Structure formats: C-alpha cells, structure tokens
Amino acid sequence: MADELKLYAASGSPFVFRVELAFILKGVTYKTVEENIKNKSADLLKYNPVYKQVPVLVHNGNPIPESLVIIEYIDDVWKGYPILPQDPYEKSVVRFWAKFIDSTCILAILKVFGSNGAEHAIAEAHKQLQVVENKLAVEGNKFFGGDNINLIDIAASFIAYWLGMLEEGTGIKFVPKDKFPKITEWADNFLKVEVVKDVLPPRVIPPKAQLLAFFKQRFGDS
Numbered sequence: 001m002a003d004e005l006k007l008y009a010a011s012g013s014p015f016v017f018r019v020e021l022a023f024i025l026k027g028v029t030y031k032t033v034e035e036n037i038k039n040k041s042a043d044l045l046k047y048n049p050v051y052k053q054v055p056v057l058v059h060n061g062n063p064i065p066e067s068l069v070i071i072e073y074i075d076d077v078w079k080g081y082p083i084l085p086q087d088p089y090e091k092s093v094v095r096f097w098a099k100f101i102d103s104t105c106i107l108a109i110l111k112v113f114g115s116n117g118a119e120h121a122i123a124e125a126h127k128q129l130q131v132v133e134n135k136l137a138v139e140g141n142k143f144f145g146g147d148n149i150n151l152i153d154i155a156a157s158f159i160a161y162w163l164g165m166l167e168e169g170t171g172i173k174f175v176p177k178d179k180f181p182k183i184t185e186w187a188d189n190f191l192k193v194e195v196v197k198d199v200l201p202p203r204v205i206p207p208k209a210q211l212l213a214f215f216k217q218r219f220g221d222s
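Pasting the structure below:
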C-alpha cells in the first residue's frame with residue numbers, strides 16, 4: 001500500500017513553507033489539509049494536542065508535529081536530496097544552528113514587532129542576528145549548507161522572506177543591509193533558488209494594525 005501523507009497546513013505560514021520545501025527537495029507527493037487557524041479542526045487538535053498548531057504531518061496515521069522535527073523525519077524516511085549531513089558530528093552542528101535560528105534568533109525578531117519596535121528588543125534582535133552574520137562571514141559559503149541549501153537555510157527562510165514583509169507592513173525596519181551584509185547576500189541567494197521560488201507563497205502584506213495586534217497578543221511588550 002502506498003504511503004498516506006497528509007500535511008495539516010495554513011496558507012502563508014513560514015513554518016508550513018519549511019515542510020513544503022523539504023518535500024519538493026525530496027520529490028515526494030503529499031496531500032495538503034488546509035486549516036482555519038481561528039477555527040482549528042478536531043483532527044489538528046487530536047494530532048497536535050500540545051501546541052495545537054500547524055504544520056503537522058500524518059504519515060500512515062502517525063502524527064509528527066513541529067516543522068524542524070518533520071523535516072528531519074522526511075530526511076530520514078525518503079532518500080534523494082540530503083537535507084542533513086550523514087556524518088553524526090556534522091549533523092549535530094546543523095541541528096544546533098537550525099535550533100538557534102528557530103528558537104532564539106526568530107523569537108528575538110518577533111519580539112521587536114510585539115513591542116512595537118522597542119529599543120531593547122531591537123538591540124536583542126541585532127545581537128542574535130550578529131551571531132548568524134558572523135557564522136556566514138567565517139564560513140564564506142553561498143548557503144549555510146555550502147553550495148546547496150540544508151536544514152539551517154530552511155530554518156532561516158523566515159529571515160529571507162517574511163522578515164522584509166513584516167518590516168514593510170509595520171514600518172518597523174531594523175535590519176539594515178549595511179549592518180548585515182552577509183545575511184542580505186545569503187537571503188538574495190536563497191530566494192533565487194528555483195525550488196524556493198516555486199514554493200514561496202504570494203507576497204501579501206497585512207495592514208500594520210493587524211500585524212501589531214497579532215504580535216502584541218502573542219509576545220506582549222517584553
């Protein structure tokens with residue numbers, strides 16, 4: 001029997017995009033189940049009872065939540081394009097940086113918008129982005145994965161695409177190109193990759209009031 005693959009998703013989600021990109025890289029076909037985030041389905045709540053969020057991958061009835069966990073699962077199950085290295089040490093390094101970007105760097109960026117551009121939040125975001133800038137500068141590669149994108153690039157896709165939309169939509173612009181030239185160069189290269197362009201959602205910028213209300217509700221003014 002063929003694999004049953006369902007991806008519980010929401011249009012425009014940067015975290016769903018990560019999983020969609022992984023599937024495209026692997027050449028794997030799946031079914032998308034579109035969720036209404038304001039009225040979540042019983043299935044989504046059943047499959048991800050802890051966070052109650054998309055994305056969730058259901059493979060032959062087994063649910064896997066959280067985008068980076070799903071991508072590692074995809075890389076383990078399906079051959080083809082390698083998203084993580086095979087060497088155990090190199091794999092651990094990639095996991096470390098993907099987690100840092102996901103749980104530290106992006107969170108710091110979102111808190112800037114949640115605080116309506118507070119100076120302390122911007123300073124913290126710059127501090128974390130500088131860590132990423134330094135990594136790119138030291139390694140001198142086109143992508144975090146060298147000549148080809150890997151898990152770190154996929155984790156950082158929020159910075160490459162959604163950050164600019166949020167800056168434009170809110171008017172809170174705090175990531176100047178001259179301060180972060182390596183991140184800017186990486187983002188330009190990442191967005192030019194054909195499979196990335198194929199998967200990216202349309203560039204729709206919500207109204208400023210809607211964006212700020214969302215971030216204040218989620219992150220407060222801390």
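First residue of the sequence shown? That's 1 in the UniProt record's numbering, and the numbers climb one at a time after it. Each residue gets a CB set at the ideal place from its N, CA and C atoms; glycine is no exception. No experiment lies behind these values; they were computed from the predicted model shown.
Subject >> Beta-bridge pairing of P49 - partner residues as DSSP gives them >> reply: P49 pairs with nothing; no bridge assigned.
**OP:** At 4 residues or longer, and completely inside the stretch 21 to 87: list those alpha helix (DSSP H) runs for me, N to C.
**Re:** 42 to 47, 67 to 77
**OP:** Please specify which runs of the alpha helix (DSSP H), each continuous and at least 4 residues long, are wholly inside the UniProt domain "GST C-terminal" (87 to 219), giving them in chain order.
**Re:** 88 to 100, 106 to 114, 119 to 139, 151 to 155, 163 to 170, 181 to 192, 194 to 199, 208 to 219
Subject >> Residue from P181, Y30, P88 whose Cα sits closest to the Cα of V132 >> reply: P181
Original post:
Whose C-alpha, out of Y161, I183, D178, R95, is nearest the C-alpha of V138?
Top reply: I183
Subject >> Burial state of F23, where buried means 16 or more other Cβ atoms lie within 10 Å >> reply: buried
**OP:** Under the assumption that F17 contacts P201 (Cβ atoms under 8 Å), give the Cβ distance between them as a whole number of angstroms.
**Re:** 7 Å
Original post:
A9 bridges to which residues according to DSSP?
Top reply: E34
**OP:** Just the C-alpha distance for F96 and L84, rounded to the nearest angstrom, thanks.
**Re:** 12 Å
Original post:
What number of angstroms, rounded off, separates the C-alpha of E66 from the C-alpha of E168?
Top reply: 28 Å
Original post:
Going straight from the alpha carbon of K40 to that of S11, what length do you get?
Top reply: 14 Å
**OP:** Less than 8 Å between the CB atoms is what I'm expecting for residue 224 and Y51, so what's the real figure, rounded?
**Re:** Because the chain is modelled from 1 through 222, residue 224 falls outside the range shown and cannot be assessed.
**OP:** Would you decide whether N60 is buried or exposed? Buried here means 16 or more other CB atoms lie within 10 Å of its CB.
**Re:** exposed
Original post:
Considering only residues of the same chain and omitting the five flanking positions on each side of E194, which have a CB-CB separation below 8 Å?
Top reply: none
Subject >> Contacts around A160, its chain only, beta-carbon distance under 7 Å, and the 5 residues preceding and following it disregarded >> reply: A187, F190, L191
Subject >> Length of the line joining the Cα atoms of P63 and P49 >> reply: 11 Å
Original post:
Are the stretch 23 to 34 and the stretch 72 to 84 touching by the rule of at least three beta carbon pairs closer than 8 Å?
Top reply: yes
Subject >> Cα-Cα separation, A121 to Y81 >> reply: 38 Å
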